[in-house]
Structures are given as structure tokens and as C-alpha cells.
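Below is one structure, written out as C-alpha cells; comments come after it.
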Amino acid sequence: MSKDKDSRPSRRKTLLGDRPGSFAIARQVRISATKSRRVVDLVRGMDVTDALDTLKFAPQAASDPVYKVVASAAANAEQTHNLRRDDLFISAAFVDEGVTMRRIRPRAKGSASRILKRSSHITVVVEPKTKEA
781 MSKDKDSRPS RRKTLLGDRP GSFAIARQVR ISATKSRRVV DLVRGMDVTD ALDTLKFAPQ
841 AASDPVYKVV ASAAANAEQT HNLRRDDLFI SAAFVDEGVT MRRIRPRAKG SASRILKRSS
901 HITVVVEPKT KEA
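In C-alpha cells, the structure reads:
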């Protein structure tokens, strides 16, 4: 049993390696991945405080769930690694497609068309700024 556990790396190992920092993942967010990616591309590489200010006033609907994930990743870093929020930046942020719910819409002559209600998984990784950068 432990052999299977060692063969697949942990999510933290995959996202951060041995570097200090933390991450947060929001799963099954009911907004399409393409709409979420527009907002995530806006804040990738920014300081956490600047990103939160930007997301607070962004007009896109996806900015609210992305704001929550960034705030959660920063809180995780503060709690688990005793890092200060002012020293953190978003080193990686990406959006994956989630489960698509399929619904039926009645159409003319007894036919039906499909409605796709898409969801997404939002992942944000925060790390402390290095002295060289």
C-alpha cells in the first residue's frame, strides 16, 4: 500500500516542490474555464495584496471565486508556514475544466437541444518573494 503512495507525488510536491509557500484549489466552481482564465491571467505574477485589490474591483463574474481562492492560498501560507501576506506573490495560477452538466432544452417539432453548464477548478500557488528578484 505504501508503495502506491510513494509512486505518485503529493499535490504540494507537484505544485511547490521544496520551496516555501502554499496553494489553494476551488473545485466545481460553476463558471466556465474560459471565463475564469481571463481573470486568472490578469493576476498571475502579481503581489497578493495587489491581486486582491484588482479582483475586488474587476467587473467579471469570475473575479469573486478567484478572489476567494487567492485569499485562501494567502491564509494557508500564513497559517502553515508563518509567512506574511505582504511578502507573497502569485507564482502560479491556472484553471482546469470541471464536470459539465448536461441539460435539455425543448425545441420545435418535439425535438430537443442540449445545454452545457460548465464548471471549472481554480488553482492558485503563492510563494514569498526572493531577495534576488
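Numbering of the sequence shown is given in our numbering, commencing with residue 781 and proceeding in unit increments.
Where a beta carbon is used, it is the ideal one built from N, C-alpha and C, also for glycine.
Residue i - containing alpha helix (DSSP H), residue span
i    : result
T814 : 813-823
K897 : It is not in any alpha helix (DSSP H) - K897 instead sits in the beta strand (DSSP E) that spans 892-897.
Q808 : Q808 -> not in any alpha helix (DSSP H); beta strand (DSSP E) instead, spanning 802-809.
V849 : 843-861
Close-in-space but distant-in-sequence residues of the same chain around residue i (CB under 8 angstroms, 5 per side omitted)
i    : result
V879 : Q808, S899
V819 : L835, A838, Q840, A842, S843, V846
Residues of its chain near residue i, where Cβ-Cβ distance is below 7 angstroms and the 5 sequence neighbours each way are ignored
i    : result
P908 : P800, G801, L863, D867, L868
V774 : Residue coverage of the chain in this structure runs from 781 to 913, which leaves residue 774 outside it and unanswerable.
P886 : A892
Test: residue i CB closer than 9 angstroms to a CB of chain B
i    : result
V850 : Checking the listed chains, one finds no chain B in this structure; it contains a single protein chain.
Residue burial classification, residue i (beta-carbon count within 10 angstroms, cutoff 16)
i    : result
L795 : buried
I811 : buried
L835 : buried
A888 : exposed
I884 : exposed
Test item: CB-CB of residue i and residue j under 9 angstroms
i    : j    : result
A873 : R824 : yes
A842 : S816 : yes
Cβ-based neighbour list, residue i, same chain, cut-off 6 angstroms, excluding 5 preceding and 5 following
i    : result
R791 : none
M881 : K897
H861 : P800
First and last residue of the uninterrupted beta strand (DSSP E) at residue i
i    : result
D876 : 868-877
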